[in-house]
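J.: Residue numbers (the working numbering): 5 to 398.
C-beta: ideal position from N, C-alpha, C; glycine also.
The following block contains the structure:
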């Protein structure tokens, strides 16, 4: 017996209740996605995303979400800061707005302000806030300091939020920043360093927020300029020519964003500070840290003009996770567990032979595969879903 929508994981329930289609559950735990009307897939170039309301947020839950103290990495080299300003500002003299995430001692903050930019400093460590506010008093209102952790905006499991944890709505309303249509340019540029011990999770959260048009992406195509380790940089920019590094994260990043490697900086230009704002001592047993890559992630303007939408992106994520669980397997073997549609027919539609492997598929090939299955008229149901996949690669 088919039961519409009952017992679905939260992300697929969102799809079932909006416009991504209707799910049904089989006793085996498989879920199939109904056909999606074409009218619900198009015309999102001027889409203003709206976040789903958080039921009982701040009222019904007695649990308080607190920020855990974590070791953070900051720019400590004035020379490196000046290099970044030249990259980001070029020859501009206008009062460009930057959102700086965890500026710490404010080395980059000062360099940006001296170039004529306006800075909103989101600092999650109270130790640095007095110094940053003191700096702001000398800058004629061009520096706003907020006690906030950018990388922990809009936590998924949240009770009553207390700063530095907050929602993007709280932050952007306080700053007076309004949402921009997706077809417009970036409403602002954010600069930061991904948390050194939580880099992978931070990237996945940003991708979920981007594809669902929630959190900061509710306000438009926010441009991120981030320092990440060389290892993670190589992974997100990998393709079939780098099979050892190629993964679902690579595909999702490249489909969603234009990725530019702007600069590579020595780890000696950074300092690691403990939770109380003290410079951390490096342990002798630790291997020499790798350099950090400064990359620019700009969401594609046309990301939501085709079949992929903020309402069905979770199915795209599922498809990639399923495929990359056995990355060296043939694609046709995965198709049997992904969709009830004839696998041979799907391969013909995407112009691939039956021997093609997952790691032979480029990001645009995966996007084409998703579009072919989503738009297929050969079957009432498009996707098979295994509920154990919900917790994979989060």
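Count Cβ pairs between the stretch 378-389 and the stretch 310-322 that sit closer than 8 Å; are there 3 or more?
T.: The answer is yes - the stretch 310-322 touches the stretch 378-389, with three or more Cβ pairs under 8 Å.
J.: What beta strand (DSSP E) runs, 3 residues minimum, are completely inside the stretch 247-274?
T.: 261-269
J.: Along the chain, where does the alpha helix (DSSP H) that runs through residue 327 open and close?
T.: 317-329
J.: Can you look up residue 122 in the DSSP assignment and give me helix, strand or coil?
T.: strand
J.: Applying the criterion that 16 or more other CB atoms from any shown protein chain within 10 Å of the CB defines a buried residue, is residue 99 buried or exposed?
T.: exposed
J.: What first and last residue would you give for the beta strand (DSSP E) that runs through residue 336?
T.: No beta strand (DSSP E) holds residue 336; the alpha helix (DSSP H) holding it covers 335-342.
J.: Near residue 247, which residues of its chain fall below 7 Å by C-beta distance, leaving aside the five closest residues on each side in sequence?
T.: If we look at residue 247 and ignore the five residues flanking it on each side, its Cβ neighbours are 363.
J.: Residue 276 bridges to which residues according to DSSP?
T.: 77
J.: Drop a sphere of 10 angstroms on the beta-carbon of residue 118, count the other beta-carbons inside from all chains shown, and report buried for 16 or more, exposed for fewer.
T.: So residue 118 counts as exposed.
J.: If you draw a straight line from the C-alpha of residue 301 to the C-alpha of residue 261, how long is it?
T.: 6 Å
J.: By how many angstroms is the C-alpha of residue 242 removed from the C-alpha of residue 42?
T.: Bear in mind that the predicted position of residue 42 carries a pLDDT of just 36, short of 50, making it unreliable; the figure below should be weighed with that in mind. Rounded to the nearest angstrom, the two C-alpha atoms are 32 Å apart.
J.: Just reading off the beta strand (DSSP E) that residue 233 is part of, what are its end residues?
T.: 227-233
J.: Out of 131, 303, 373 and 295, state which residue places its alpha-carbon closest to the alpha-carbon of residue 322.
T.: Of the listed residues, the one whose Cα sits closest to residue 322 is 373.
J.: Quick check on residue 182: does DSSP put it in helix, strand or coil?
T.: Note: residue 182 maps to coil in three-state DSSP.
J.: Are residue 92 and residue 126 touching if we call contact CB-CB under 9 Å?
T.: no
J.: I'd like the list of long-range same chain contacts for residue 338, defined as Cβ closer than 8 Å, with 5 residues on each side in sequence excluded.
T.: Excluding five sequence positions before and after residue 338, the CB atoms of its chain that fall closer than 8 Å to its own CB belong to 326, 327, 330 and 362, given in chain order.
J.: Spell out the partners DSSP gives residue 149 in its beta bridges.
T.: 125
J.: Helix, strand or coil: which one does DSSP assign to residue 8?
T.: Bear in mind that the predicted position of residue 8 carries a pLDDT of just 29, short of 50, making it too unreliable to give a figure here.
J.: Which stretch, first to last residue, makes up the alpha helix (DSSP H) that contains residue 193?
T.: No alpha helix (DSSP H) contains residue 193, which is instead part of the beta strand (DSSP E) from 193-197.
J.: Round the Cβ separation of residue 249 and residue 264 to the nearest angstrom and send it over; I've been treating them as touching at under 8 Å.
T.: The distance from the Cβ of residue 249 to that of residue 264 is about 18 Å, inconsistent with a contact at the 8 Å cut-off.
J.: Are residue 345 and residue 382 close, meaning C-beta to C-beta below 9 Å?
T.: Yes, Cβ-Cβ distance for residue 345 and residue 382 is below 9 Å.
J.: Contact check, residue 274 vs residue 79 under 8 Å by CB: the rounded distance?
T.: Correct: roughly 6 Å between the Cβ atoms.
J.: Should residue 219 be labelled buried (16 or more other beta-carbon atoms within 10 Å of its own) or exposed?
T.: With 16 or more other Cβ atoms within 10 Å, it is buried.
J.: Let me confirm a value: residue 3 is counted as buried when at least 16 other C-beta atoms fall within 10 Å, else exposed. Which label applies?
T.: Nothing in the structure corresponds to residue 3, since the chain is present only between 5 and 398.
J.: Does the beta-carbon of residue 114 have 16 or more other beta-carbons within 10 angstroms, so that it is buried, or is it exposed?
T.: buried
J.: Does DSSP put residue 223 in a helix, in a strand, or in coil?
T.: helix
J.: On the three-state DSSP scale, how would you describe residue 237?
T.: helix
J.: At least one CB of chain D closer than 9 Å to the CB of residue 388: is that the case?
T.: No chain D appears in this structure, which consists of one protein chain only.
J.: Taking residue 302 as part of the beta strand (DSSP E), name the residues at either end of that continuous run.
T.: 296-303
J.: Among 183, 185, 191 and 160, which has the Cα closest to the Cα of residue 205?
T.: 160
J.: On the criterion of 16 or more Cβ atoms from any shown chain inside 10 Å, does residue 182 qualify as buried, or is it exposed?
T.: So residue 182 ends up on the exposed side.
J.: Taking Cβ positions, are residue 196 and residue 230 nearer each other than 9 Å?
T.: Contact: yes.
J.: Under a Cβ-count criterion, where at least 16 other Cβ atoms within 10 Å of its own Cβ denotes burial, should residue 357 be classed as buried or exposed?
T.: exposed
J.: Which term fits residue 96, buried or exposed, when burial requires 16 or more other beta carbons within 10 angstroms of its beta carbon?
T.: exposed
J.: So, using beta-carbon positions, are residue 84 and residue 101 closer together than 9 Å?
T.: No; because the gap between Cβ atoms is not below 9 Å, this pair is not in contact.
J.: Sorted by chain position, which residues of the same chain lie with C-beta nearer than 6 Å to residue 171's C-beta, five sequence neighbours on each side aside?
T.: 158
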